[in-house]
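Below is one structure; the comments refer to it alone.
Residue numbers (this note's numbering): 4 to 526.
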């Protein structure tokens, strides 16, 4: 009997453990969407090794999470890090918003040599983890520049080869930007062929669709068609309705996604929680004007008949939106003249002494394009549509931004505050969705979609990407007028088992890693 008691008692004696980090007394939201529960989390060697209501043990660092939510680190599925990684390797705009992993290479724009890029990411050591898609636009540019035509058989074979190698080197899928040059010149069969290659390596197809306004339903159908024909999971990026004339059409577009899922197509969407978008000012011009590079664009803009065509194009656009001026288009960053930053095209035109009419405003846009173009924020979405889309359960949150540099330009505030805005405005204040559901959308849903199978949940054996935050105070501080402000409320952010934000302050730790897709071929 004594021997039996000893056997039963041994596991209890071995329960006390040594940890690198021990998080105590937190409200555990594990990422599944289930309700929170009080518990402790033990971390050692970069992994979660214990998750219990109460853990006995010692630790190098103990965090008292009383009154705080403990959740998996957030995964942002739609970012644009390329060329900005070295500007702030601490990635503070992401880290202070609870993001521990970014998917980059979106909207058809990526590095072409994925192996080189991911190796470089590991050597740079950001504070965040990075996975990447292979971008169709840059694949096409590498083979045929900005040409407005179909690919030849030989060119198609070269693009196939680039995508195949990219998937073997660790890309998580193929992205398109069908509103951008040269993606807009591409017909659906070309994308299907490349998506089939990504599917062969268990990748995802993500798309900035061909249109997010008047022709949005046709654009959704194209994305779904690509998914069906290539037999590949689909992610529709920054799902929205642009232009006042399209407000309310989420009542049509969301059911299209629901119907596709009932059919058996693995389609999901993502969204930023704002009523303004952000992209290049060039999107105000007809697609055919933008072919073949800046020299060709400048040459076209000097031709009177082309200028007349652009003026008519912009005037028609405004008439559809029921607007009299280009007040909805605000320059975020214009390298040629930074005094334009933060001003609408209407304001810039008046500042230059132009007449207060659409013709003069269109000429202002052309002048900006003559000097290399600019990034801009476009105000034109409905809050009701934002909320309706937000309620859809297979919808993730994404900033659609790069690493922000404090004080540089007048960028969209989503680059600083996307997750905090959801948690503060739409969960706590307006109760559009529950806290549990918001966390699921930020963690396990994106991890599942992009096959990051050891992240996105608080589970024993999973990588210790963890956030600790105050659900009552978490707030986005960035606004359109004052976009450079870090989110507040995230007390601790842990990346790969390393505390990166401690008591609300980034401590300089850069423990991020490159993350590889399932098709990776590593020796």
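C-beta: ideal position from N, C-alpha, C; glycine also.
- Task: Express the C-alpha separation of residue 495 and residue 533 in angstroms, rounding to a whole number.
- Result: Since the displayed the chain opens at 4 and closes at 526, residue 533 lies outside it and no answer follows.
- Mind checking which residues open and close the alpha helix (DSSP H) that includes residue 158? Numbered from its first residue, the chain shown carries residue 158 at position 155. Segment 156-171, the alpha helix (DSSP H) holding residue 158.
- Task: Check whether the Cβ atoms of residue 43 and residue 32 lie closer than 8 angstroms to each other.
- Result: Locating residue 43 in the chain shown gives position 40, where the first residue counts as 1. Locating residue 32 in the chain shown gives position 29, where the first residue counts as 1. Taking 8 angstroms as the Cβ cut-off, residue 43 and residue 32 do not qualify as a contacting pair.
- Message: Threshold first: 4 residues or longer. Then list the alpha helix (DSSP H) segments lying entirely within the segment 430-473, N to C.
- Response: 438-445 and 447-452
- Query: Between which two residues does the beta strand (DSSP E) containing residue 399 stretch?
  - Reply: The residue given as residue 399 occupies position 396 in the chain shown. Per DSSP, residue 399 belongs to the beta strand (DSSP E) from 398-400.
- C-alpha gap between residue 116 and residue 154, whole angstroms: Position 113 of the chain shown, counting from 1, holds the residue named residue 116. Position 151 of the chain shown, counting from 1, holds the residue named residue 154. Their Cα atoms are separated by approximately 21 angstroms.
- Query: Hey, which unbroken runs of the beta strand (DSSP E) at 3 residues or more fall wholly within the segment 252-331?
  - Reply: 270-274 and 279-283
- Sort 436, 397 and 482 by Cα distance to residue 2 and report the nearest one. Because the chain is modelled from 4 through 526, residue 2 falls outside the range shown and cannot be assessed.
- Straight-line Cα distance separating residue 127 from residue 211: Translated into the one-based positions of the chain shown, residue 211 becomes position 208. Translated into the one-based positions of the chain shown, residue 127 becomes position 124. Looking at the two C-alpha atoms, the distance is approximately 29 angstroms.
- Query: Where does residue 198 land, buried or exposed, given buried means 16+ other C-beta within 10 angstroms?
  - Reply: Within the chain shown, residue 198 is the residue found at index 195, counting from 1. Buried, by the Cβ-count rule.
- How long is the line joining the alpha carbons of residue 322 and residue 245, rounded to whole angstroms? Position 319 of the chain shown holds residue 322. Position 242 of the chain shown holds residue 245. Cα-Cα distance, rounded: 14 angstroms.
- Given a threshold of 16 other Cβ atoms within 10 Å of its Cβ, counted over all protein chains shown, does residue 255 qualify as buried or as exposed? Mapped onto the chain shown, residue 255 falls at position 252. Exposed, since its Cβ has fewer than 16 Cβ neighbours within 10 Å.
- Query: Which class does residue 27 belong to by DSSP, given the choice of helix, strand or coil?
  - Reply: For the purposes of this step, residue 27 is taken as residue 24 along the chain shown, with counting starting at 1. Note: residue 27 maps to strand in three-state DSSP.
- Helix, strand or coil at residue 188 according to DSSP, with G and I counted as helix: Locating residue 188 in the chain shown gives position 185, where the first residue counts as 1. Three-state result, residue 188: helix.
- Where does residue 211 sit, in a helix, a strand or coil, going by DSSP? As a working mapping, residue 211 is identified with position 208 in the chain shown. The answer is strand: DSSP assigns residue 211 an E or B state.
- Report yes if the CB atom of residue 241 is closer than 8 angstroms to the CB atom of residue 68, and no otherwise. By one-based count along the chain shown, residue 241 stands at place 238. By one-based count along the chain shown, residue 68 stands at place 65. Going by C-beta atoms, residue 241 is not nearer than 8 angstroms to residue 68.
- DSSP state of residue 65, grouped into three classes? Stepping through the chain shown from its first residue, residue 65 is reached at position 62. Correct three-state label for residue 65: strand.
- Residue closest to residue 196, alpha-carbon to alpha-carbon, out of 164, 188, 222 and 182: As a first step, residue 196 must be located in the chain shown, where it is residue number 193. The shortest C-alpha separation from residue 196 is found at 164.
- Task: Would you check if there are 3 or more beta carbon pairs closer than 8 angstroms linking the segment 173-192 to the segment 129-145?
- Result: yes
- Task: In the DSSP assignment, find the alpha helix (DSSP H) that holds residue 220 and state where it starts and stops.
- Result: Here residue 220 is taken as the residue at index 217 of the chain shown, counted from 1. Note, residue 220: alpha helix (DSSP H), 219-233.
- Please name the residue in 305, 375, 231 and 243 whose C-alpha comes closest to that of residue 220. Within the chain shown, residue 220 is the residue found at index 217, counting from 1. Nearest C-alpha to residue 220: 243.
- Message: Is there a Cβ of chain C sitting closer than 8 angstroms to that of residue 114, yes or no?
- Response: Reference to chain C is not applicable here, since this structure consists of a single protein chain.
- Quick one: residues in its chain with C-beta nearer than 8 angstroms to the C-beta of residue 460, no 5 flanking neighbours on either side, listed in chain order? For the purposes of this step, residue 460 is taken as the residue at position 457 of the chain shown. So the qualifying residues of the chain are 33, 34, 35, 75, 446, 447 and 450.
- Item | Contacting residues, own chain, Cβ-Cβ under 8 angstroms from residue 259 (five flanking each side not counted) | In the chain shown, the residue the question calls residue 259 occupies position 256. The residues are 220, 223, 224 and 227.
- Can the beta-carbon of residue 504 be found closer than 8 angstroms to that of residue 49? In the chain shown, residue 504 corresponds to position 501, counting from 1. In the chain shown, residue 49 corresponds to position 46, counting from 1. Cβ atoms of residue 504 and residue 49: not closer than 8 angstroms.
- Query: For residue 136 versus residue 174, is the C-beta spacing smaller than 8 angstroms?
  - Reply: The residue you call residue 136 lines up with position 133 of the chain shown. The residue you call residue 174 lines up with position 171 of the chain shown. A contact, by the Cβ cut-off of 8 angstroms.
- Task: Check the DSSP bridge columns for residue 117 and list the partner residues they point to.
- Result: Position 114 of the chain shown, counted from the start, is the residue given in the question as residue 117. Residue 117 pairs with nothing; no bridge assigned.
- Message: Quick check on the DSSP output: the beta strand (DSSP E) that includes residue 178 runs from which residue to which?
- Response: Counted from its first residue, the chain shown places residue 178 at position 175. 176-180 is the span of the beta strand (DSSP E), which, as asked, contains residue 178.
- Item | Contact between the segment 364-380 and the segment 302-322 (3+ Cβ pairs under 8 angstroms) | yes
- Query: Applying the criterion that 16 or more other CB atoms from any shown protein chain within 10 Å of the CB defines a buried residue, is residue 59 buried or exposed?
  - Reply: Position 56 of the chain shown holds residue 59. Exposed, by the Cβ-count rule.
- Task: Check whether the Cβ atoms of residue 278 and residue 382 sit closer than 8 angstroms, and answer yes or no.
- Result: For the purposes of this step, residue 278 is taken as the residue at position 275 of the chain shown. For the purposes of this step, residue 382 is taken as the residue at position 379 of the chain shown. Yes, these two residues count as a Cβ contact at 8 angstroms.
- Classify residue 54 as helix, strand or coil using the three-state DSSP reduction. Indexing the chain shown from 1 puts residue 54 at position 51. The answer is strand: DSSP assigns residue 54 an E or B state.
- Query: Mapping DSSP to helix, strand and coil, what is residue 517?
  - Reply: Locating residue 517 in the chain shown gives position 514, where the first residue counts as 1. Correct three-state label for residue 517: strand.
- Query: When you compare each of 522, 144 and 518 to residue 80 by their alpha carbons, which one comes out closest?
  - Reply: Looking up residue 80 in the chain shown gives position 77. Checked all of 522, 144 and 518; the closest Cα to residue 80 is 518.
- Message: Helix, strand or coil, according to DSSP, for residue 96 in the structure here?
- Response: In the chain shown, counting from the first residue as 1, residue 96 sits at position 93. The answer is helix: DSSP assigns residue 96 an H, G or I state.
- Message: Please list the terminal residues of the continuous alpha helix (DSSP H) segment that includes residue 139.
- Response: The count along the chain shown starts at 1 and reaches residue 139 at position 136. Element bounds for residue 139: 139-147.
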